[in-house]
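Sequence order for the protein chains is U, A and Y. Using my numbering, you'd call the opening residue of the first sequence number 1 and step up by one each time. Using my numbering, you'd call the opening residue of the second sequence number 139 and step up by one each time. Using my numbering, you'd call the opening residue of the third sequence number 404 and step up by one each time.
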Amino acid sequence: MSIITTVLYTISILQILHSGFSSFEFHQLTKNMDSTTYPIPKDIQLECYMGLVVFILTSFLSFKKLEYYPVKPSKENKLKLLSTGQYLKDISLSKANNVHNLIGNDPNGEVTFAPSFVDIQKKREEIALWLKDNTKEE
Amino acid sequence: MKLLEVLANKGSYSVAELMLDSDFKKWVLLPISIMMILTGLLKSDLMLLISPKYTGYPRVKLSEMQWFVKGQLLLGNGTNLDDESYDVRRHELIEILTSGKYVAQEKKEPNAEKISNPLADPSINESLMNMAKGNMANFIPQTIIMWWVNYFFGGFVIMKLPFPLTVKFKDMLQNGIMTSDLDARWVSAISWYFISVLGMNPLYNLLNSNPEEGQVNNQMNQVLGGTGQPAPDVIMKNLANDLTIATQHESCFDDIESRVLKMYE
Amino acid sequence: MDAGNPTGNANGQVDMNSATSALNLQNMDNVNYNKKAYIDFMDKISLLSGVVNGILQFESLAGFRNFFIMYFTCLFAYILFICKGKPSRFYGNVINDLIIETIMRELLGFIMAWTFSYALVG
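Here is the structure:
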């Protein structure tokens with residue numbers, strides 16, 4: 001919860017508590033006067049409704065757009081929070097994987113990451129060749 | 139504490155207005171509510187403590203399970219293969235499943251009566267025990283609180299419900315109050331207990347914001363040959379029979395050339 | 404969220420019982436996340452509106468009417484602003500997930516809060 005939602009929640013709950021206490025006092029007072037029932041004063045009603053409205057609006061405000069840390073920093077984006085601009089998560093698997101793609105996370109990594117299939121000798125040859133080519137120029 | 143005094147009757151018995159001592163709120167309504175909330179929180183913590191631990195399976199059991207799943211997947215998703223590879227896989231699976239190569243061997247006990255008594259199986263016993271513990275954790279606090287409310291706060295009206303009820307509720311909600319024609323809206327402490335038992339779920343949800351709560355039941359793994367199921371080798375034979383029958387195979391690659399060409403016509 | 408998990412185990416619990424469901428595979432973690440978000444939201448609001456109803460001493464039908472007005476207003480606002488008008492993207496079965504599964508629970512919570520504050524204030 002950010003500061004603004006905390007503050008607004010506090011204000012609305014205090015408003016409702018205060019109007020509740022006022023309403024309680026009012027009822028105690030009218031009970032001791034006579035047997036007729038009086039409507040609750042307008043200001044108490046207004047405060048109560050205000051509290052509820054502020055609370056509901058704050059509940060909407062408290063939804064944050066989901067943000068994700070990228071797994072690896074890219075060149076243009078150095079570990080900045082990424083967002084899809086949504087408050088909820090997509091349920092269909094294809095859409096849900098878009099988030100994994102966005103942050104550079106391979107959801108099928110367990111299956112597709114197969115280091116034992118890498119031809120290490122060929123890689124070493126390539127690197128040796130590259131080193132040979134590059135060290136010559138020095 | 140004065141119990142109750144009838145103040146304004148207005149002459150009509152249907153709209154009897156009772157004046158309740160405001161100490162009822164302080165000393166009956168609030169304690170019951172606080173007690174309900176605290177026991178609810180305690181119960182959820184307790185449930186976490188006595189929740190069943192995740193038990194793994196031996197490797198042979200897992201491989202047995204996975205061969206079975208493999209057969210099922212081939213039956214379900216076989217259309218994604220072409221005829222040749224489908225047949226190769228089918229024949230291989232039929233062979234493996236009928237031979238029972240991967241059926242987990244269990245230690246055979248000489249006395250056969252063990253099978254007839256499901257309670258003797260330790261794994262079933264454990265699951266029964268867990269279920270019993272869960273039930274106990276549910277109903278023991280409820281019984282205790284109900285007894286507590288009835289014992290300490292019985293016999294008087296504490297509140298007025300904001301909605302009217304029919305006379306049928308009188309017996310339950312005005313239990314122990316000796317007024318035969320009091321409106322059913324005036325209720326005793328036990329009815330506040332009932333209402334809060336029914337309505338506390340949202341409050342508990344907000345109070346213990348446990349993020350892992352939704353993931354408790356995800357670890358239910360189906361094991362072959364559990365209680366009430368046929369033995370794993372029988373299941374495998376059945377699956378092998380299904381595979382033998384499934385000779386009619388329609389591949390998604392049939393006529394794929396003409397279909398692709400049609401797309402670009 | 405899953406950033407520290409490069410091999411990704413997040414959608415291990417995928418509903419794939421047969422080829423028939425191949426077109427609507429769902430990520431169960433996200434389904435649960437969305438349901439929890441909605442239930443938390445509605446729990447807060449129904450409890451507090453119950454308290455407000457009690458403070459203002461609404462009785463019988465007026466109180467239930469207020470609950471339904473509040474519930475459906477919040478539901479529509481939720482669909483409009485939080486789901487951005489496309490609830491089927493986030494909930495598999497919109498009517499069931501957003502209304503049928505929750506309305507009884509919220510109504511009972513509302514009645515509890517209403518009764519409580521009604522008795523305390525009155």
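Yeah, the Cβ is synthetic: ideal placement off N, Cα and C, and Gly gets one too. These figures come from a predicted structure and were not determined experimentally.
Confirm the yes/no value for this check: CB of Ile120/U, any heavy atom of the ligand PLP, distance under 8 angstroms.
-> Questions concerning the ligand PLP fall outside what the structure shown contains, since it holds no ligand whatsoever.
Near Phe513/Y, what residues of its chain come up, given a Cβ to Cβ distance below 6 angstroms and the 5 sequence neighbours on each side ignored?
-> Position 110 of the third sequence holds residue 513/Y. The answer, listed in chain order, is Ser449, Gly453 and Phe470.
Any chain A beta carbon closer than 9 angstroms to Lys489/Y | Here residue 489/Y is taken as the residue at index 86 of the third sequence, counted from 1. So, not an interface residue.
So, is the C-beta of Leu478/Y closer than 9 angstroms to a C-beta in chain A?
-> In the third sequence, the residue the question calls residue 478/Y occupies position 75. Not an interface residue.
Interface flag, Ile373/A vs chain Y, CB-CB below 9 angstroms | As a working mapping, residue 373/A is identified with position 235 in the second sequence. Not one chain Y Cβ lies under 9 angstroms of Ile373/A.
What is the DSSP secondary structure of Asn430/Y, counted as helix, strand or coil?
-> Translated into the one-based positions of the third sequence, residue 430/Y becomes position 27. It is a strand residue.
Residues bridged to Tyr68/U (per DSSP) | For the purposes of this step, residue 68/U is taken as the residue at position 68 of the first sequence. Leu82/U.
Which residues, in chain order, does the stretch 501-516 of chain Y contribute to contact with chain A at a C-beta distance below 9 angstroms?
-> Arg508, Glu509, Leu510, Leu511, Gly512, Phe513, Ile514, Met515 and Ala516
Could you check where the alpha helix (DSSP H) with Ile232/A kicks off and where it finishes?
-> For the purposes of this step, residue 232/A is identified with residue 94 of the second sequence, where counting begins at 1. Taken as a continuous stretch (DSSP letters only), the alpha helix (DSSP H) holding Ile232/A covers Asp221 to Ser237.
Where Asp90/U meets chain Y, residues with beta-carbon distance less than 8 angstroms = Taking the first residue of the first sequence as position 1, residue 90/U is located at position 90. What Asp90/U touches in chain Y: Asn430, Asn433, Arg492 and Phe493.
Is any beta-carbon of chain Y found at less than 9 angstroms from that of Leu8/U?
-> Translated into the one-based positions of the first sequence, residue 8/U becomes position 8. With 9 angstroms as the cut-off, Leu8/U does not count as an interface residue toward chain Y.
Under 7 angstroms by beta carbon: chain U residues contacting Thr461/Y = Along the third sequence, one-based indexing puts residue 461/Y at 58. The amino acid at residue 461/Y is misidentified as Thr; the sequence shows Phe. Listed along chain U is no residue with a C-beta nearer than 7 angstroms to that of Phe461/Y; the closest approach is about 10 angstroms.
C-beta neighbour in chain U for Tyr474/Y, strict 9 angstroms | Along the third sequence, one-based indexing puts residue 474/Y at 71. It does not; no Cβ of chain U falls within 9 angstroms.
Grouping DSSP H, G and I as helix and E and B as strand, with all else coil, what is Leu156/A?
-> What you label residue 156/A is simply residue 18 of the second sequence in a count that begins at 1. Strand.
Can you check whether the CB of Phe301/A is closer than 9 angstroms to the CB of Glu462/Y?
-> Position 59 of the third sequence, counted from the first residue, corresponds to residue 462/Y. Position 163 of the second sequence, counted from the first residue, corresponds to residue 301/A. Yes.
Report the three-state DSSP secondary structure of Met297/A (helix, strand or coil).
-> In the second sequence, residue 297/A corresponds to position 159, counting from 1. Correct three-state label for Met297/A: strand.
By DSSP, does Lys252/A sit in helix, in strand, or in coil?
-> Numbered from 1 along the second sequence, position 114 holds the residue referred to as residue 252/A. Its pLDDT being 49, under 50, Lys252/A is placed unreliably by the model, and the measurement read from it follows with that caveat. Three-state result, Lys252/A: helix.
Taking Cβ-Cβ distances shorter than 8 angstroms, what residues in chain Y pair up with Ser2/U?
-> In the first sequence, residue 2/U corresponds to position 2, counting from 1. Going along chain Y, no residue has its Cβ under 8 angstroms from Ser2/U, so there is no contact; the nearest lies around 16 angstroms.
For the stretch 440-451 of chain Y, enumerate the residues whose C-beta is nearer than 9 angstroms to any C-beta of chain A, in chain order.
-> Of all residues in the stretch 440-451 of chain Y, Ile442, Asp443, Met445, Asp446, Lys447, Ser449 and Leu450 have a Cβ within less than 9 angstroms of some Cβ in chain A.
Closer than 9 angstroms to chain A by CB, Tyr521/Y | If you number the third sequence from 1, residue 521/Y lands on position 118. By this cut-off, Tyr521/Y is an interface position.
Okay, do the stretch 50-65 of chain U and the stretch 10-21 of chain U touch, 3+ Cβ pairs below 8 angstroms being the bar?
-> These segments touch.
Residue of Ala242/A, Glu264/A and Trp165/A minimising C-alpha distance to Val372/A = By one-based count along the second sequence, residue 372/A stands at place 234. Checked all of Ala242/A, Glu264/A and Trp165/A; the closest Cα to Val372/A is Ala242/A.
Looking at the C-beta of Phe484/Y, does it have a partner C-beta in chain U at a distance below 9 angstroms?
-> Along the third sequence, one-based indexing puts residue 484/Y at 81. With a threshold of 9 angstroms between beta carbons, Phe484/Y makes contact with chain U.
Could you name the residues of chain Y that Phe301/A contacts, counting a contact when the two beta carbons are closer than 9 angstroms?
-> Within the second sequence, residue 301/A is the residue found at index 163, counting from 1. The answer, in chain order, is Glu462, Ser463, Leu464, Gly466, Phe467, Ile514, Trp517 and Thr518.
On the three-state DSSP scale, how would you describe Ser326/A?
-> The residue you call residue 326/A lines up with position 188 of the second sequence. Ser326/A falls in the strand class under three-state DSSP.
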